[in-house]
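Numbering (the UniProt record's numbering), first residue to last: 1 to 1017. Here's the structure, in C-alpha cells; my notes come after.
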Amino acid sequence: MKKILSTFLSLALVLSLLTFAPAKVDAASVPSNANLLNTYGSLFGHVGTCVTPNQWNDSNTRNFIKGQYNSITMENEMKPDAVLRNNTMSVSQAKGQGYNIPSNYSESTVPTLNFSTIDSMMKNAYDNGIQIRYHVLVWHSQTPDWFFRSGYSSNGGYVSKSQMNARMEFYIRSIMDHVYNSRYGNVVYCWDVVNEYMHASNSGWLNIYGAVNTRPDFVKLAFQIAHDELVKFNKQNSVSLFYNDYNTYMECDKIISMVNWINSNGKICSGVGMQSHLSSSFPSPDYFNQALTKFLAQGYEVQITELDAKGNNDSDQANYYKQIMTNILNAKKKGGNITAVIWWGLHDGASWRRGENPLLFSSLGVKKQSYNAVLQAYFDAGFSIGQVTAPSSAPAVSTQPQVSVAPTQVVPSTGKITDGTYYIKNVNAQKYLQVAGNTGADAQNVELGTGTGVAGQKWTVTNNSDGTVTLKSGLGNFSLDVANAADEDGANVQIYSSWDGDAQKFIIKETSTDGIYQIATKASNGTKNLDGSNYGKEDGTNIQQWSNTTNTNQQWIFEKVGGSTSASTAPASKAPVTVSQAPSAAPSQAAQTGGNATDIAKSYMAKLNVVNTCPSGADQKKGGVQYGSTTKKTYYSTTTGGNRKCNVILPANYSSSKKYPVMYVLHGIGGNEDSMIGDNIVAIPANLAAQGKAKEFIIVCPDQYAPAPGTATSFAFNQAYFDGYDNFINDLTKDLMPYIEKNYSVATGRENTAICGFSMGGRNALYIGYARPDLFGYVGAFSPAPGVTPGNDFSGMHKGLFSESDFRIKDERYVPYVTLIACGTNDSVVGTFPKSYHEILTRNNQPHVWFEVPGADHDNNAINAGYYNFCSAAFGVLGLNNTQTSPSAAPSAAPSAAPSIAPSAAPSIAPSVAPSEAPAAGVTCDYKVTSDWGSGWQAEITITNKSGKTLNGWTLTFDYNSEVVNGWGADFVGQSGKTVTVKNPSWDANLANGQSVTVCFIANGSDKSAPTNVVVK
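This is the structure:
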C-alpha cells in the first residue's frame, strides 16, 4: 500500500531485536466447515480484505470473497487522488450536482469529484451482501499537491489555514452526502477519517498546518465535520469514525493523547484503526498487544486494519499469526470493543508486499498453514462457529459503569477530606478538575480548566464506610468515574450516573506537603492515581488513571466552595506550588585508582575470555534458573517536557536491603523501550549469574528517542530525526538515572553503572559513555551505527558527535573499565562503521575489546554475542583491583578518589553580582569541601536555577584564594589571578528551572574559605 512503509519495514526487520519462541501450530481441531466468515466475521461483526474493481469483477474472485469475508476495503479507489479530478467547475455548477459547499467557502470554483467507482462498488456490495470500510478522507499521501494550492493549480502558492479548512469541509461533506444520499449508502459502516497523521511528511497538510503534534486542529475539525454528517443522516450510533495508522505500537501514547483531545468536547472519534503490516521479527506479539490493550482501556472502538504478516517461512509465519490472533481474541473475551479484522489483500500473489508472502492464501483459495493457525487460535480461545459475542463470563466494555470484583484488599484513605463541596486544583497545571463542556451526561469527559466557578468545577465529597470517597459533580446526579472500572494505565476518567461501584470510589492519600493530596482509584486497589495526561498544563488537558508517581500532575488541592481557601463563586487564583525537579545525575567520584587508569583498564579487559558467538542455550530460559521480572515505568522528563516510559528488569531475588548495579540497554533506530525486551536480554545475565560468571544487576531499557520540546519529527534517516537520539544523553543523565536511583535499591557510582546498546543504541552507548565517563564505567556497543565520528551515514555526511581526535577519555581517571565493540562479519546495515570505531580508538590509545561474530548480520546473533561478553565483564566480576591509599600530599592533578575525611561545613553562598545578562534573581550556588588531605582538598559548587526560566548556556565565575588545579562536571576555562571561570559542559548546555548542576574541583594551598564575587551569567 505504501512504498515508504515498505522501506521502513525492511529496516525495522533488520534493526529490530525482538524474538519469540516458536510453538507448534496444530490445525487438527479446526472443524472442516470453519472459515473466516463464520468465525471472525460472526464474533467481531466484520472480517474483510482489500480489493480492486478488477478483482471484484472476476466472478471466481467475487465468490471467494463472499465465502470468507463480509467486508471489503477499496485498495486505492476511495483515496483522495482517485476522487479528486484535476479540473474545476463553478460553485453554482457544483451545487447543481449536489456538492456540499460550506458557508465559509469563499472561492469561485471547486475541483470535480469522481464518484463513478464509489457508486459502482457500493451497488456491487449491496447486491452481494457485503459492507464497505471507506478508506480514506484525509491523508497526507495520495492527495494531489494542487489541492492545497491557490486556484487548485500546481503553480500556485499554498493557501491559508482558513481557506484549507473550507476546502476540507467541502470535500468531506460532499463525499459523505453523496454516499448517504445513495440508496446503497448503508453498506458503508465506518470511515477512516484521518489516516497516518503521526507519520505525515512532505505534504500540503503539514505545509499549511505545521509540524506533527498531538493537538492538530485540522484533524479535530475533520472528525467534527464527519460527525456532523453522521448526525445529519441519523447514523451517529450505527457508523463509526476512525483514526487509522501503522506502527501504532510505536506511537501508542501519542495517538491516545491526540484522540482524547479530539474527543475532549464530546466523542466524535470512535476509536483507532490499527494498521497491522507485521513481521515475525517485529513487532513481537506482546508489543503489539500492549498497544491494543491501551487503546481498549481508553474505551475506544478498535479495528485491526490492513493486516498482513511476513514470516521467515510458512511455519514461522503460522506461529506468529496464531500468537497475534490469540492476543486479539483474548482481548475480545475480556470485553474489548474490537469490531473488525481486515486482511490487506486476497492472496500472496496480489499483495502489495509481493515476494514477502504475508497473507493466509498463497493464491486464490489456496490455504496456507497460517490460515489454519488463525482458525486454530479462534477455537483454542473457546469460541465456536457462528458465535456473535464473547463468552457471557467476560464483562462487556462500554461507557456503561461496570460492576467490578471487589479487590482482595481495600487501601483506606491516608488523608481526610471532610464531607462538603470543593474545587479541586491540579498542582502541576494550577487548573481545576472540570467536566468538559460543563455538560452533565453519561460518559462526559473530565479534564483540567481555568477556574471559573461553573457547576462542572464543583465536586461534592462524601466519605464512605470503607475509607473511600465519592466525588459527585455539581451538574446533577453524576459522579467521577473510571471508565469500565479498568485497572489499566491510561484508563479514561469521566462522569457517569451515580451508582455504588468501584469505578466511582476513590482513596485520598496525603503527600509530604500539607494540604496536597493524591486521588487514588479503588478500581486499581489504590495503585493508580488521577493524572493530568502528559504533564499537561493547558485547558482541556485530559484526566486519566496512571500508576502512582510523585509527580505534581498527580497532586491535588481541595478548595472548599464558600470556604476560607477560595471565593464562594469561583476558585481563587493562587501562585503555583513550586516543586523542584530531580537534579542532574552527579558525577561519581569513584574514579580509578591503584596506578595508571589506562593500565588498570587494559589489565582488567585482558581477563575477559572473549567468545565470538553466544554459547548455545545461553540466550534462553532454562529450568532451575530464576529470572527477573519486567515492569514498565513512567517518569517525567524535563528534557522532553513530558512523561516517558522505560522497562525495568529486576533480579529474580531482588531485595531492597541489597544494592544492585544498573545496566542501561539501548535499542536501535525506530524502536522504543520495548524493543530490547526479549528472552535473550533477561536470560543471558541470569544464566551467567547462576554459573557465578556475572553479578546480579538491574536492567533498564529506555526509549532513547528524546526530542527537545517542539522538535519531534517522523521516523526518517535525517539529522532532524537523529537530533532526538543525540539529545537522549540529557534525558538519561538528568531525568532517568535520578528516577531509577530514587525508586530502586541502586549501587551508585561509575563502577556500578553500565551502558550498552545495539545499532543506534550502540552508537549512543559509545557517545554517552565517552562523553560522561564520570557516570559510566562499562560501555558496550553491538553493531554500532554511524555518527559517533564524522563519516557517511544513512542521511549523507554526518558531522560526528566527536571528532576522531576527540573520541577519547580526556580525564585519565575516568577511563572505562570495559569498552567492548562487536559486530557481525556479514553486517549488511552498518557495514564497516563498528570496525572504524575500533581503529579510531586504537589510534587514540584507548583500551577496548573488539571482536567480530562469524556469519552474523545486523541481527540477534550479533547482539547475543556482544551482550554475553559484556555481561561477563561488567561490574568487576572478573576481579577489579583499584584500591589505593589517599595521597599524603596534594597531587599535581586531581586525586583519583576522594579521601575518607569528613567534609567541612557547607556554607551556602549566593552570587554577589547580578549582571544585566544574567537571569533575574533566583540562581543560587552552594559550596562545600568534600575531601581534605592537608595541603590540598576537593570541593564542589552546586548551581541551582530557581529563576523561573531555562538558562540557555551559562558561565560561572568566582574568586578563590587558592589555586584550582583541576575540575570536572563542566568545562573549566582556567584561573586568572584569583578569578576562576567555568562554563556549562558541552554535553549539557541548558539548565532548566528547578534543576541543579554540580561542578567539582581540586585545589592546593591553605585557604579553603568559600568563594567570593560569585556570578552566574
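Don't be surprised by glycine CBs; every beta carbon is placed ideally from N, CA and C. Treat the numbers as computed from the prediction; the structure is a model and nothing was measured.
- In this chain, the alpha helix (DSSP H) harbouring M168 covers 161–181.
- Each residue's CA atom was taken as its position, placing T832 and G526 some 53 Å apart.
- The residue among G671, I175, C701 with its C-alpha nearest the C-alpha of V682 is C701.
- For N312, the secondary structure class from DSSP, reduced to helix, strand or coil, is coil.
- A455 is positioned such that its CB atom lies no closer than 8 Å to that of A485.
- Relative to M121, the option among Q55, G769, M676 whose CA is nearest is Q55.
- In this chain, F758 is not harboured by any alpha helix (DSSP H); it is covered by the beta strand (DSSP E) spanning 753–758.
- For N680, the CB contacts under 6 Å within the same chain, skipping 5 residues up- and downstream, are D619, N864 in chain order.
- In the three-state reduction of the DSSP assignment, E301 falls in the strand class, which pools E and B.
- Under the 10 Å beta carbon count, V849 is surrounded by 16 or more other beta carbons and is classified as buried.
- Between the alpha carbons of G670 and H199 lies a distance of about 12 Å.
- In the structure shown, the three-state DSSP call for M737 is helix.
- Under the criterion of beta carbons closer than 8 Å, G780 and A765 qualify as touching, at roughly 6 Å.
- With fewer than 16 other Cβ atoms inside 10 Å of its own Cβ, E839 counts as exposed.
- Within the same chain, and ignoring the five residues on either side of G386 in sequence, the residues whose Cβ sits closer than 6 Å to its Cβ are N38, S42.
- Here S280 has F20, A309, K310, G311, N312, D316, Q317, N319, Y320 as same chain residues with Cβ atoms under 8 Å from its own Cβ, once five neighbours each way along the sequence are excluded.
- If you look at T842, you'll find it in the alpha helix (DSSP H) that goes 833–843.
- Under DSSP, no beta-bridge partner is assigned to L608.
- For S116 and P854, the gap between their C-alpha atoms comes out near 59 Å.
- CA-to-CA, the gap between F379 and W344 works out to about 23 Å.
- In this structure, I543 places its C-beta atom within 8 Å of the C-beta atom of E447.
- With a cutoff of 8 Å on beta-carbon distance, A652 and E488 are scored as not near each other.
- Around N861, the same chain offers T613, C614, G824, V853, G855 as residues with beta carbons nearer than 8 Å, after the five sequence neighbours per side are excluded.
- Boundaries around H277 are those of the beta strand (DSSP E), 271–279, since no alpha helix (DSSP H) includes it.
- In the DSSP assignment, Y725 falls outside any beta strand (DSSP E) and within the unbroken alpha helix (DSSP H) covering 719–726.
- Bounds of the beta strand (DSSP E) holding V136 are 131–139.
- Rounded to the nearest whole angstrom, the CA to CA distance from N337 to S92 is 44 Å.
- Each residue's CA atom was taken as its position, placing L688 and I417 some 52 Å apart.
- The stretch 417–436 and the stretch 533–542 touch, with three or more beta-carbon pairs separated by less than 8 Å.
- In the displayed model, L113 falls within a strand according to three-state DSSP.
- From the listed residues S103, L841, H227, the smallest Cα separation to M176 is found for H227.
- Closest in C-alpha terms to K220, from the list S872, S497, I262, N186, comes I262.
- Rounded to the nearest whole angstrom, the CA to CA distance from A694 to N752 is 13 Å.
- The C-alpha of G876 lies about 14 Å from the C-alpha of V815.
- For S872, the uninterrupted alpha helix (DSSP H) segment begins and ends at 860–873.
- Separation of K334 and S240 (C-alpha to C-alpha, rounded to the nearest whole angstrom) is 21 Å.
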